[in-house]
Amino acid sequence: MTQHLSGSNEPLDGMSKRFEVLYEDNHLLGIVKPVNIPVQEDATGDPDLLNLLKEDVKERFNKPGNVYMGLVHRLDRPVGGAMIFAKTSKAASRLSECVRTHSFHKVYLTVVHGKPPASHGRLTDTLLKDAKSNTVTVVRKGTPGGKEAILDYTVLGSAEGYSLLKIDLLTGRSHQIRVQLSSIGCPLYGDQKYGASVNRPGQQIALWSALVGFPHPVTKEEVELISLPPQTHPWDLWSKELQKKAIR
85 MTQHLSGSNE PLDGMSKRFE VLYEDNHLLG IVKPVNIPVQ EDATGDPDLL NLLKEDVKER
145 FNKPGNVYMG LVHRLDRPVG GAMIFAKTSK AASRLSECVR THSFHKVYLT VVHGKPPASH
205 GRLTDTLLKD AKSNTVTVVR KGTPGGKEAI LDYTVLGSAE GYSLLKIDLL TGRSHQIRVQ
265 LSSIGCPLYG DQKYGASVNR PGQQIALWSA LVGFPHPVTK EEVELISLPP QTHPWDLWSK
325 ELQKKAIR
C-alpha cells in the first residue's frame, strides 16, 4: 500500500508553488486541487486546472509541443482536495476502467447543517440534471434521464449546529453529495446552490476530496492520495487527528 498525505511531500523538480503535489511519476500526477478553480474549461473563461497543469509540466520538463494530461475524475469548482491526473493516454485509459469497475475509491469530508437521522447510513436516489441551469434534483425512480446515485455517510461529530461527515462515494453523479444531503435536510455549509436558505453569500462550501485510492495503472500497486481540509471555520470545529483517523 502506498500512501501520500497532504503536506508530507515537498514540491518535485521545482514544481510550481501554485499546486501541492501528493504524488508524481512518469504516468501520474496527484495534486491538491485549490478551491474555486474549474477543473476544465468552462463558460467563464477563467484559468482551468487541466491547462494550468499542462503548462506546469511543459515548463518543468522543458517539453516541446503539446503536453498530455488526462482527466480521470472531476471536482466541482468550489471544492478542493486530492485529485489524480494521467500523464499518458494508457494511464488514463486504465484509470478510467478502474472508475467503471468501481476499483477507484473516493472519500470526502463535509460539514453540513444539522445532523442526519442516523449516525451512519446509505443514501440511494435518482438524480436528474438540468444542463441549462446546471442544477440537479432528486426525482422518482424511472424518471427519463434520471441516474441512480449512491453514497454512504458516517457522522464523525457534531458542534454548534453542524455535523462533520465522512462520505464514501459509490457513484459519481454531478453535484451528488450536495443534492443528496440537502434532500435529507442537511445542506452543506456554504452551498449557495442547494442550501441558500441557511447559508450566506461568500461562504466557502465545506466539501473536500480527502482520499483518492486506485491500483497504479502500470505497477498495480495500490495508491492512496490523502488530503485534509484547511483548518478554517467550520473545519476547525474538529481536530485534524479526528479527520485523518476517519479517512484511513
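Residues in the sequence shown are numbered from 85 upward in steps of one, following the numbering used here.
Quick reminder that beta carbons are idealized off the backbone N, C-alpha and C, glycines included.
query, result
"Could you please give me the residues that DSSP links to GLY241 through a beta bridge?", "LEU248"
"For the beta strand (DSSP E) that contains LYS304, what are its first and last residues?", "Where LYS304 is concerned, there is no enclosing beta strand (DSSP E), given that its DSSP letter is neither H nor E."
"If you draw a straight line from the alpha carbon of MET153 to that of GLU125, how long is it in whole angstroms?", "14 angstroms"
"Just the Cα atoms here: how many angstroms apart are LYS324 and LEU312?", "7 angstroms"
"Beta carbon of ALA294, beta carbon of LEU193: below 8 angstroms?", "yes"
"Going by Cα to Cα distance, which pick from GLY164, VAL151, PHE145 is closest to PHE103?", "GLY164"
"With a 10 Å radius around its C-beta and 16 neighbouring C-beta atoms as the bar for buried, classify GLY346 as buried or exposed.", "Here the chain has residues from 85 to 332 only, and residue 346 is not among them."
"Report the start-end ranges of each beta strand (DSSP E) in the segment 255-304 that is 3 residues or longer and not cut off at the edges.", "291-299"
"Buried or exposed for GLY229, going by 16 or more other Cβ atoms inside 10 Å?", "exposed"
"For GLU108 and PHE145, I'd like the C-alpha separation in whole angstroms.", "13 angstroms"
"Decide yes or no for the touch test of the segment 297-304 against the segment 164-181: beta carbon pairs closer than 8 angstroms, at least 3 of them.", "yes"
"Considering only C-alpha positions, which residue in the set HIS317, LEU112, TYR246, GLY198 is nearest to LYS174?", "LEU112"
"Can you tell me whether ASN166 is buried or exposed? The criterion is at least 16 other CB atoms within 10 Å of its CB, across all chains shown.", "For clarity, residue 166 is Ala in the given sequence; the question names Asn instead. Per the 10 Å Cβ criterion, buried."
"Which two residues bound the contiguous beta strand (DSSP E) that contains VAL183?", "Taken as a continuous stretch (DSSP letters only), VAL183 belongs to no beta strand (DSSP E), being part of the alpha helix (DSSP H) at 173-184."
"Measure the alpha-carbon distance for GLN315 versus ALA290 and round it to whole angstroms.", "11 angstroms"
"Using the Cβ count rule (16 or more neighbours within 10 Å means buried), how would you classify GLY91?", "Caution applies to GLY91, whose pLDDT of 48 falls short of 50 and renders its modelled position unreliable; the model cannot decide the point."
"Does the beta-carbon distance from ILE234 to ARG206 come in below 8 angstroms?", "yes"
"Which runs of the beta strand (DSSP E) at least 3 residues long sit entirely within the segment 137-177? Give them in chain order.", "164-170"
"Can you tell which of ALA127, LEU133, ASN110 has the C-alpha that lies nearest to the C-alpha of VAL119?", "LEU133"
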